[in-house]
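For what it's worth, the UniProt record's numbering labels the leading residue of the sequence shown as 1, then goes sequentially.
Just so you know, even glycine gets a beta-carbon here, dropped at the ideal spot from N, CA and C.
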Amino acid sequence: MPSYLLILIYRISIFIDLFSKSSPLSFNYKLQVVGCLIEHDNKILLCKRKIQPSYGLWTLPAGYMEIGESAAEGASRETQEEANAEVEILAPFAQLDIPLIGQTYVIFLAKLKTPHFSPGVESSECRLFTYDELPFDSLAFSSMLVTLKLYLEDIKVGRPKFHYGVINKRPGTSPSEINAYTLDHHMPS
């Protein structure tokens with residue numbers, strides 16, 4: 001059985017367990033998405049999705065945090081899974097809540113331990129983009145658009161900050177409709 005199917009079956013089994021009537025988490029479980037914003041030689045590492053939703057669109061390496069790991073550990077693991085890259089987590093960069101779908105994104109600044117990366121099971125391509133090359137019209141999720149825009153704003157002033165915000169998606173829009181949102185309660189530190 002292909003490894004991506006094993007990962008999918010494992011993740012589905014977690015959801016079934018969490019949302020079963022016997023689970024104490026079934027009524028109030030938020031999905032925590034963790035990932036890394038990796039800069040290398042003034043370029044940012046993005047992965048092209050090989051899975052739905054947003055198949056064929058670009059994203060930072062990110063995915064669901066698993067039970068038993070910290071947010072930073074999950075971000076590092078997801079980067080390994082999606083980009084076959086080992087990273088050193090430097091600092092938290094953003095927490096973005098998306099109430100409409102019950103998700104919280106936690107994105108960390110990270111650097112590559114070695115300059116080696118390649119597509120993992122959920123990616124068809126991984127690539128470093130200069131700031132001017134970033135594919136803003138081909139990003140997978142609003143959270144990635146917000147994260148990258150905030151990072152570029154921080155670079156212009158000379159230092160990254162930590163950002164908190166609420167992404168309010170327009171009801172009825174798909175994940176890949178990346179401009180169908182407002183960023184509310186933005187609090188940079």
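Checklist entry - With 16 other CB atoms within 10 Å as the buried threshold, where does Ala91 fall? => result Under this definition Ala91 is an exposed residue.
Checklist entry - DSSP three-state call for Val157: helix, strand or coil? => result Reduced to three states, the DSSP call for Val157 is helix.
Checklist entry - According to DSSP, is Pro92 helix, strand or coil? => result Pro92: strand per DSSP, three-state reduction.
Checklist entry - What three-state label does DSSP hand Lys169 in the structure shown? => result When DSSP states are grouped into helix, strand and coil, Lys169 belongs to the strand group.
Item to check | Spatial neighbours of Leu134 in its chain, beta-carbon cut-off 7 Å, leaving aside the 5 residues before and after | outcome: Once the five neighbours on either side are set aside, the close Cβ partners of Leu134 are Ile44 and Leu148.
Checklist entry - Exposed or buried, which one is Val157 when buried takes at least 16 other CB atoms within 10 Å? => result Exposed.
Checklist entry - Considering only C-alpha positions, which residue in the set Ile101, Glu78 and Glu125 is nearest to Gly172? => result Taking only the C-alpha atoms, the option nearest Gly172 is Ile101.
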